[in-house]
């Protein structure tokens, strides 16, 4: 992994005294389905240090995906707060949250969520296209393509740049999705069951990629999974049950 | 940037969306064609109306008219100032036109208009509508020595559609006089033979004289030419002259008829010239050939009221010298033009004491760019309204022009409805695309795309569809409008039926005018509708909740 493209030089070597990269306090989230109120999160506290790899495990419906969505600013909590590097980010106006999602947070999903009309390379470029307007795009285009190609080659997809997602295997799609999450140079990677749709071998490959990103580039990762064997690859495991953090190792 | 890219990719992968554009395209094309044809018709009609009516008409309420047109013209020039370019006095009275075909008299109700032959053509397009090239240059009420157009000079088509006009003029007149003379000779010879064989019966009022007109008719119809025996007017008829010159035997009718006025030689002289509308004297058959009931060179009788109260009906004989064809059937089958001086004399519009003449109306031509209504109002203020009426040509044909405008407006509304319907088609298809693309929208939001950007994808999509539809429709509409006559010919050939029957319409070609402003509005409207109908789906896409969108299957 190229440290020059992904590492954030200033913060990667920040002193311990600084606030954690991500901290979540007293998060609650309720869903209303019909006349029944479903309490998914009942006050979750959670911290992620700079460069840490944390696995969040729990049964289906334990609220781990919801927690990830709240940390990724895709959803709004009913109460509680989310801080990124000490700055509260959950109450920000929409456009500011859009910007943070684009620049500071990378997300990987179980179902890959690639855009089927775009090639692998274009999918990876998508966050940068979102970031830059039409005219600015033409000035950064060459550099963006270089960086995206480099990422894909690093993940062994050098020969697959111009393939559409449907021409790729599940493992390849997930690696494209990780490249897409990384291309914008995020501080934080949120992965929601990234191996859930993959066979064991491909899943291990994906986990290897995530581990190496964490080790060599110092990327902070939150991995949500229901599989304890996968969770063991992480530095620390946070267990969610019934909407609360149960045990921390 | 992703907006453009996705927009383009969605277009390339969803051709079905272009289906919704077909109705936009057809709507635009139809609107352009209909507007071009309607504008063409409307313009053609206005030109015709304006061609016969001058810019402003100054007229008296009374049929007897007003005296001293020169004084009135000076007053009008004073009131109108520089805006007046030309004026000409006219006398218009209702009248009856009579001409004879194959023994029967045909009577038509007409408007008899006395015009000044030198100045009238300068005030309106009158001259343009005559059938003799010489008369188009400068009208003359003297019969021409042939040379009438056998083609419709306004149609611009080479095929002769009026073969009957070939020999019109003096040749026709001489031939007819000669034929009558021959017939008269034969009749008289028959009569003499009958007299000789039936001497005993040749006395008393029960003399078996055959009905002359029927026999003349029988002979003339055998020749196959349009027949119009000279009417017997005021003792100066051709029949009298012809029979006297040629036959030694006296016709009993000649003896019986009292001598009046002077005799004339119809082969060398003519009566006062008239120019009737072509619709009075001809009809067009289904092959597009004009059949003439009477021709330049024939004589007709006109009955009209004299000036004064109560008006008396008087008749006189006139010689047709040309036909007037404005292509407005209302005018072509109504107007008969005569020299104003002759009409004034015949109607008694010349004051015997002062020698002052009277006229009904003064036709006024304004300089280019003059404000029609403004000058009209100025003249209305200058002359008492209870004696004179001042109206513009638009006022005169107000209901007709308003009806055409109304028709055009209604058609445009209806056709725009088609495009609006197409808009709903786009709306429905876009909603489906938004539903189909819900997960992609969630993905884009998770990548940090703004709501406005997501909406932009679909608005741009709608804009593109609108531009494509309107653009193709524009090309289609313009090419149809420009080649509509070729298309008409093709359709006629294909179906074997006349689409644009020249016996109904006086135009040989469908007139079209493509107004760039109208076309621009149509195209802009269509693109606007396409964009407007993509607004709702775009808003829906923009408001999707990212988490729900991502979970969407």
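Residue numbers (my numbering), protein chains in the order written: chain A, 249 to 497; chain B, 17 to 569. All C-beta atoms, glycine included, are put in the ideal place defined by N, C-alpha and C. None of these values were measured; they are calculated from a predicted model.
Check, Outcome
"Using 7 Å as the limit for Cβ to Cβ distance, is residue 466(B) near chain A?", "yes"
"Consult DSSP for residue 334(B) and reduce its assignment to one of helix, strand or coil.", "strand"
"Sorted by chain position, which residues of the same chain lie with C-beta nearer than 6 Å to residue 249(B)'s C-beta, five sequence neighbours on each side aside?", "Unreliable placement is indicated for residue 249(B), whose pLDDT of 42 sits below 50; the coordinate value is still reported in the next sentence. Cβ neighbours of residue 249(B) beyond the five flanking positions: 333."
"Please tell me whether residue 14(B) has its Cβ less than 7 Å away from any Cβ of chain A.", "Here chain B has residues from 17 to 569 only, and residue 14(B) is not among them."
"Which whole runs of the beta strand (DSSP E) in the segment 423-475 of chain B are 3 residues long or more, in chain order?", "none"
"With 16 other CB atoms within 10 Å as the buried threshold, where does residue 384(B) fall?", "exposed"
"List the residues of chain A that residue 477(B) touches, going by C-beta distances under 8 Å, in chain order.", "Within chain A, no residue comes near residue 477(B); the closest Cβ sits about 13 Å away, beyond 8 Å."
"Apply the 10 Å Cβ neighbour rule to residue 505(B) and answer buried if 16 or more other Cβ atoms are within range, or exposed otherwise.", "exposed"
"Bridge partners of residue 111(B), per DSSP?", "126(B)"
"Quick one: what does DSSP say residue 263(B) is sitting in, helix, strand or coil?", "Below a pLDDT of 50, predicted positions are generally treated as unreliable, and residue 263(B), at 45, falls in that range; the measurement from the model is reported next regardless. Residue state, collapsed to three classes: coil."
"Which value, in whole angstroms, describes the spacing of the CA atoms of residue 355(B) and residue 391(B)?", "29 Å"
"Hey, residue 543(B) and residue 482(B) are a contact pair by Cβ (cut 8 Å); roughly how many whole angstroms apart?", "4 Å"
"Quick one: give me the first and last residue of the beta strand (DSSP E) that residue 488(A) is part of.", "484-489"
"Examine chain A for any beta-carbon lying closer than 7 Å to the beta-carbon of residue 459(B), and answer yes or no.", "yes"
"What residues from chain A crowd round residue 36(B), counting only those whose CB sits closer than 9 Å?", "None at all; the shortest Cβ gap to chain A is about 20 Å."
"Taking the continuous beta strand (DSSP E) assigned at residue 300(B), which residues delimit it?", "298-300"
"Helix, strand or coil for residue 57(B)? Go by DSSP, reduced to three states.", "helix"
"Helix, strand or coil for residue 388(B)? Go by DSSP, reduced to three states.", "helix"
"Have a look at residue 74(B) and residue 361(B) and give me their C-alpha separation to the nearest angstrom.", "22 Å"
"Excluding the 5 residues preceding and the 5 following residue 482(A) in the sequence, name in chain order all residues of the same chain whose CB lies nearer than 8 Å to its CB.", "301, 302, 303, 469 and 471"
"Is the distance from the Cβ of residue 459(B) to the Cβ of residue 557(B) below 7 Å?", "no"
"What is the DSSP secondary structure of residue 515(B), reduced to helix, strand or coil?", "coil"
"Of the residues that make up the segment 536-563 of chain B, which ones have a beta carbon closer than 9 Å to any beta carbon in chain A?", "561, 562 and 563"
"Rounded C-beta distance between residue 105(B) and residue 132(B)? I'm assuming under 8 Å.", "6 Å"
"Which first and last residues belong to the beta strand (DSSP E) in which residue 389(A) is found?", "Residue 389(A) -> not in any beta strand (DSSP E); alpha helix (DSSP H) instead, spanning 382-402."
"What's the C-alpha gap between residue 579(A) and residue 289(A)?", "Residue 579(A) is absent from the structure shown; chain A starts at 249 and stops at 497."
"What residues in the segment 345-377 of chain A bring their beta carbon closer than 8 Å to a beta carbon of chain B?", "346, 347, 348, 349, 350, 351, 355, 357, 361, 362, 363, 364, 365, 366, 370, 374, 375 and 377"
"Using CA coordinates, which residue listed in 297(A), 363(A) and 411(A) is at the minimum distance from residue 566(B)?", "363(A)"
"Nearest CA to the CA of residue 296(A): which residue from 309(A), 275(A), 333(A) and 323(A)?", "333(A)"
"Determine the closest residue to residue 217(A) out of 436(A), 434(A), 475(A) and 445(A), with distance taken between C-alpha atoms.", "With chain A covering only 249 through 497, there is no way to say anything about residue 217(A)."
"Relative to the alpha-carbon of residue 431(B), which residue among 26(B), 18(B), 20(B) and 42(B) has its alpha-carbon at the smallest distance?", "42(B)"
"Assuming contact is defined by CB atoms lying nearer than 7 Å, are residue 493(B) and residue 49(B) in contact in what I supplied?", "yes"
"On a CA-only basis, which of 440(B), 467(B) and 55(B) is nearest residue 347(A)? Give me that one, please.", "467(B)"
"Please go through the same chain and pick out, in chain order, the residues whose beta-carbon is closer than 7 Å to the beta-carbon of residue 539(B), but skip the five residues on each side of it.", "44, 486 and 490"
"With residue 345(B) as the anchor, note down where its alpha helix (DSSP H) starts and where it stops.", "345-348"
"Out of 330(A), 287(A), 269(A) and 372(A), state which residue places its alpha-carbon closest to the alpha-carbon of residue 429(A).", "372(A)"
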